[in-house]
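Chains W and X, in that order, give the protein sequences.
Take the numbering used here: the final residue in the first sequence is number 105, and no numbers are missing along the way.
Take the numbering used here: the final residue in the second sequence is number 610, and no numbers are missing along the way.
Here a beta-carbon is modelled for each residue, glycine too, at the ideal position from N, C-alpha and C.
Worksheet: the structure to be examined is printed underneath.
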Amino acid sequence: MKKEKDSGFEADNNDGDPFVFRLYVTGASPNSSRAITNLKAFFEKYLKSRYELQIIDVYQQPQFAKSVDIIALPLLIKKFPLPERRLIGDMSNSEKIFKSLNLVS
Amino acid sequence: MMKSIPKSKTGINGLDEITEGGLPQGRPTLICGGPGCGKTLMALEFIVKGATLYDEPGVFMAFEEKADELSANVASLGFDLEKLQRNKKLRLDYVHIKASEIEETGEYDLDGLFIRLGHAIDSIGAKRVVLDTIENLFAGLSSQGILRAELRRLFQWLKEKGVTAIITGEKGEGALTRHGLEEYVSDCVIVLDHRIINQISTRRLRIVKYRGSIHGTNEYPFLIDEEGITVLPVTSLKLDKAVSSQRVSTGIPTLDQMFGGKGFFRGSSILLSGSAGTGKTSIAANFANETCRRKGKCIFFAFEESPQQIIRNMRSIGLGLDQHVKKGLLQFHSFRPGLYGLEMHLAKMYRLVKKFKPHAVIVDPITNLVSVGLLNDVNSMLLRLVDHLQNEGITLMLTALNSGATEHIDENVSSLVDAWLLVRDVETDGERNRALYIMKSRGMKHSKEVREFIISSKGLNLVDVYRGPEGVLIGSAREAKEKEAMANGKQNGRGHFRAPANKIR
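In structure tokens:
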């Protein structure tokens, strides 16, 4: 991981509104638990408190599977800022997350 | 002794017959084939028929076509997907998955698909599920290892759910499907194929595998038209149909006489062959006329002439076919043989026969079909037609043109039919006459004589030829002899005449 990322996340979100994320998981499955832990650590590191993360258990709310068009889980969706981005997996590859969330300026 | 496994009827015309009752109940079936082979439609018809005919709601999950496109595509078939969805008989779910829009950041699974499918199944109490074409996931997700393990788990899960499922797959190189789905779905595998032979498209279906069940292993032609899919089994090959000993008149009293005085058996098949211009169509039209005159119904399939032509031409020999058409007893269906493939012709015929419920069917002439298919295919098509109509107790008359070009189709067909009539040209003394004889007529006494066949404005007639010391006389030579005999007021010595049979009756 590159060093300069420590400070720089300012991409297209300069106005100070927090990032909005939704994470879809399945109960406490190993992938889901890992994804939650990994993601929280990642966000704390790069976004400090400037993010909102909503975690949804698809087992509990299966209607989301169709409406959100879910196939693979865990699924992270960046709702704000646009464009919407989708990431799947246990969020262990933080470099990929970093890139696809467009955090590099 | 293996007990036949429980099956779910597909409701698709003909498919339930070759699978001996449908697809394995509560288990997944794989349908694969190339693009445009009809697998999506077959899967969808399975769902729609399940919902409408067998009260089995179904879930259709599309991995390629958009759900609304799907609805539009099948609306022409009379499938109202919107209504089925409103009535909770159907759940359509379009899965959109694009590699470019999804980033993979570690281990994942397809729980989302399981939950989604499970939710859809539970919400309408679905008994049937279609996944069309799940292989597209391989394009959307990069981890083949995860996908394979998850698909295996999915098919296992479908079995546990007890739903009868169809999974469609794209044909692959050297394998049934591109990603080897047949590995996971092992109960029943159906392969669809779409070929162009002689510029005419032919669709075929084959059951490659059906664990725990007997099934037809041939390639069966099928077609897609406004009524969905029709598979054409070589109908029950068991030769155990009920037969009638009732007789039907040929419409020509003198011809009836040759058939033991009573005509054809009802529900039998008759082949009428002869060279060009020997009056085959006239004999057929006479039979049609007679059937309708006795208040029976008749369908006339014409591959050579238009109905108007036939009606006009037959008026010249004293047949008013148009009155039967007006009364709704006679139907003409003319098509150019090259218009469709053989299967399509056969299916059209089945349909029309099913709708009209005729007592007699005429196909004039079968030889024109050779231009559409290979001789073998034509034979197998005719076999199915003969078989089908025999089962329904419908009398079938086929005409065939005899010439070198048609490779003696009449001989090939003759074993299928019950009676075979031959009309020949006889050229003597600078005139052309027609001679008719019966080559065979199963199960009845019939004449073995050659008769002169006369077509006049009064209709058709058969008269005895003259056999005398001068040899066999026909045409004007016979007439001259006849007159001579009449003038002598007695039968000519060793030659013999019988008065024309129609005068006796």
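Residues near residue 448/X in its chain [Cβ-Cβ closer than 8 Å; skip 5 each side]: So the list reads 307, 308, 326, 327, 328, 337 and 486, once near-sequence residues are dropped.
Please say whether residue 87/W and residue 73/W have beta carbons closer to each other than 8 Å? In this structure, residue 87/W does not lie closer than 8 Å to residue 73/W by Cβ.
Three-state secondary structure (DSSP) at residue 389/X? Residue 389/X: helix per DSSP, three-state reduction.
Please report the residue range of the alpha helix (DSSP H) in which residue 491/X lies. From DSSP, the alpha helix (DSSP H) with residue 491/X extends over 480-496.
Within 8 Å, do at least three Cβ pairs link the region 246-257 of chain X to the region 120-130 of chain X? Cβ pair count under 8 Å is below three, so no.
Using DSSP with H/G/I as helix, E/B as strand and the rest coil, what is residue 397/X? Residue state for residue 397/X is assigned as helix, using DSSP reduced to three classes.
Taking C-beta pairs closer than 7 Å, name the residues in chain W that residue 198/X reaches, listed in chain order. The contact set of residue 198/X on chain W, defined by CB atoms closer than 7 Å, consists of 66 in chain order.
What residues of chain X sit near residue 56/W, judged by a beta carbon separation below 8 Å? In chain order: nothing, as chain X lies at least about 11 Å away.
Beta-bridge partners of residue 118/X, as assigned by DSSP: 335/X, per the DSSP bridge assignment.
Start and end residues, beta strand (DSSP E) containing residue 564/X: Note, residue 564/X: beta strand (DSSP E), 564-569.
Here's a check: name, in chain order, each residue in its chain whose Cβ is nearer than 8 Å to the Cβ of residue 442/X, leaving out the five neighbours to either side. Within the same chain, Cβ atoms closer than 8 Å to the Cβ of residue 442/X are found at 408, 450, 473, 474, 476 and 477, the five residues on either side in sequence being excluded.
Excluding the 5 residues preceding and the 5 following residue 518/X in the sequence, name in chain order all residues of the same chain whose CB lies nearer than 8 Å to its CB. Here the set comprises 376, 471, 484, 487, 503 and 505.
With distances taken from CA atoms, which of 584/X, 563/X, 562/X and 417/X is nearest residue 569/X? Each of 584/X, 563/X, 562/X and 417/X was checked against the Cα of residue 569/X, and the nearest Cα belongs to 584/X.
Among 391/X, 318/X, 551/X and 427/X, the one whose alpha carbon lies nearest that of residue 113/X: The residue with the shortest Cα to Cα distance from residue 113/X is 318/X.
I want to see whether chain X comes within less than 8 Å of residue 86/W, judged by CB atoms only; does it? Yes, residue 86/W counts as interfacial toward chain X.
Check whether the Cβ atoms of residue 365/X and residue 527/X lie closer than 8 Å to each other. No, they are not a contact pair.
If you compare alpha carbons, which of 577/X, 468/X and 123/X is closest to residue 293/X? For residue 293/X, the nearest C-alpha among the options comes from 123/X.
Comparing the C-beta of residue 237/X with each C-beta of chain W, is any distance below 8 Å? Taking Cβ atoms only, chain W never reaches closer than 8 Å to residue 237/X, which makes this a no.
Endpoints, the beta strand (DSSP E) within which residue 411/X is located: Counting along the chain, no beta strand (DSSP E) covers residue 411/X, and no H or E run does either.
Pop quiz: residue 138/X and residue 276/X are said to be a contact at Cβ under 8 Å. What is the actual Cβ separation, rounded to whole angstroms? Beta-carbon to beta-carbon, residue 138/X and residue 276/X are separated by about 5 Å, close enough to satisfy the 8 Å threshold.
Count the other CB atoms, across all protein chains shown, that sit within 10 Å of the CB of residue 41/W; report buried if there are 16 or more and exposed otherwise. So residue 41/W counts as exposed.
Enclosing alpha helix (DSSP H) for residue 37/W [first to last residue]: Segment 30-46, the alpha helix (DSSP H) holding residue 37/W.
In terms of alpha-carbon separation, which member of 574/X, 424/X and 188/X lies closest to residue 563/X? Taking each of 574/X, 424/X and 188/X in turn and checking the Cα distance to residue 563/X, the smallest one comes out for 424/X.
Quick check on residue 523/X - is its C-beta less than 8 Å from some C-beta in chain W? By this cut-off, residue 523/X is not an interface position.
How is the alpha helix (DSSP H) around residue 100/W delimited, first residue to last? Here the alpha helix (DSSP H) through residue 100/W covers 94-100.
Any C-beta of chain W within less than 8 Å: which residues of the region 199-220 of chain X qualify? Correct list: 200, 201, 202, 206, 207, 208, 209, 210, 211, 212, 213, 214, 215, 216, 217, 218 and 220.
Which residues in chain W sit within 8 Å of residue 479/X, going by Cβ to Cβ distance? By Cβ distance, chain W contributes nothing, its closest Cβ being about 47 Å from residue 479/X, past 8 Å.
Tell me the DSSP secondary structure of residue 364/X in three-state form. In this structure, DSSP gives residue 364/X a state outside helix and strand, which the three-state scheme calls coil.
Nearest CA to the CA of residue 535/X: which residue from 579/X, 494/X, 573/X and 143/X? It is 579/X.
Buried or exposed: residue 89/W, going by 16 or more other Cβ atoms within 10 Å of its Cβ? In this structure residue 89/W is buried. Its beta-carbon is surrounded by 16 or more other beta-carbon atoms within 10 angstroms.
Between 167/X, 177/X and 410/X, which has its C-alpha nearest residue 196/X's C-alpha? With distances taken between Cα atoms, residue 196/X lies closest to 167/X.
Look up residue 110/X in the DSSP assignment and say whether it is helix, strand or coil. It is coil, neither helix nor strand.
May I ask which residues mark the beginning and end of the beta strand (DSSP E) holding residue 24/W? For residue 24/W, the enclosing beta strand (DSSP E) starts and ends at 19-25.
Given residue 287/X as reference, the closest of 256/X, 582/X and 310/X once Cα atoms are compared: Closest in C-alpha terms to residue 287/X, from the list 256/X, 582/X and 310/X, comes 256/X.
Please decide whether residue 81/W counts as near chain X, where near means a Cβ-Cβ distance under 8 Å. For residue 81/W, the answer is no, since every Cβ of chain X falls outside 8 Å of its Cβ.
Residue 543/X versus residue 525/X - alpha carbon distance: Straight-line Cα distance between these residues: approximately 6 Å.
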